[in-house]
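Each residue of the sequence shown is one higher than the last, beginning at 15 in our numbering. Ideal placement from N, C-alpha and C gives every residue a C-beta, glycine not left out. Below is one structure, written out as structure tokens; the observations come after it.
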Amino acid sequence: MIRRLLTVLPVVLVLGACAAPGTTPQTWPGPPSVSPVPGLVSPTVLPTCPPSGVRMRFTDGDAAMGLRVVRLTLTNCGSQTYRVGGYPELRPLDADRAVLDVTVLPGVTEISTGLEQLDIPDSEVVLAPGQMASAAVAWRNTYEAGLESVNVDSVSVSPQEGRPFQTVTPDHPFDLGSTGRLGVTRWEADSTSPSS
């Protein structure tokens, strides 16, 4: 008897919840709202900033007749002013993160005489939080018979001598051909950087 009553009771409750004609329908509360846990932030919303206070990445560049140029950008993601100048230090790495036998040149004129405008004079760049600096990285992917081709899968980068390195992976490997050389320019303030 009790078992039959328990079977019928939910049906009665559901039918009783239906409003009769001319009456106000009864509303039921929705699921309780969930409050975010204090101190927890989704990394997809707010990426973490390295202890150095800067984040670096490669952006798409230009390619013409074997010449490749990409931009290395540095963003001050910290809360303090960041100063940088001179040439970034680059250590090209293979797919296993081993250092490659690649010559890194200060400046890009030796890579191509058509890039003189990128070799700017040395100056200190002062970055407020959120501001960016950039440097150009250039190479040729030409091949010489009998020489092994080199692909750079990632680069260990220090903003300047004596500062911490961080590994930066481009969207596509640097195809150096058989040249085995990269050129890099000095840092300059990025014109697309947001104002402080």
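With a CB to CB cut of under 7 Å and the five nearest residues on each side skipped, what residues in its chain are close to residue i?
{"i": "residue 203", "result": "139 and 147"}
{"i": "residue 73", "result": "84, 85 and 87"}
{"i": "residue 104", "result": "118, 169, 171, 196 and 198"}
{"i": "residue 96", "result": "67, 68, 90 and 141"}
{"i": "residue 75", "result": "82, 83, 84 and 85"}
{"i": "residue 80", "result": "154, 155 and 156"}
{"i": "residue 70", "result": "86, 87, 88, 171, 180 and 182"}
Buried or exposed: residue i, going by 16 or more other Cβ atoms within 10 Å of its Cβ?
{"i": "residue 64", "result": "exposed"}
{"i": "residue 94", "result": "exposed"}
{"i": "residue 176", "result": "exposed"}
According to DSSP, what are the bridge partners of residue i?
{"i": "residue 202", "result": "148"}
{"i": "residue 165", "result": "189"}
{"i": "residue 120", "result": "198"}
{"i": "residue 181", "result": "170"}
Go through its chain and collect everything with a Cβ distance to residue i's Cβ below 6 Å, but skip five positions before and after it.
{"i": "residue 132", "result": "122, 150 and 199"}
{"i": "residue 106", "result": "114, 116, 166 and 169"}
{"i": "residue 183", "result": "168"}
{"i": "residue 120", "result": "101"}
By Cβ distance, which residues of its chain are closer than 8 Å to residue i, with the 5 residues on each side in sequence left out?
{"i": "residue 99", "result": "136, 137, 138, 139, 174, 200 and 201"}
Is the stretch 126 to 140 touching the stretch 156 to 166 in the sense that three or more CB pairs, one from each, lie closer than 8 Å?
no
Unbroken beta strand (DSSP E) runs of length 3 or more, entirely within the stretch 80 to 107: which are they?
81 to 90, 96 to 98 and 103 to 107
How about the stretch 108 to 121 and the stretch 187 to 194: do they share at least three Cβ pairs that are nearer than 8 Å?
yes
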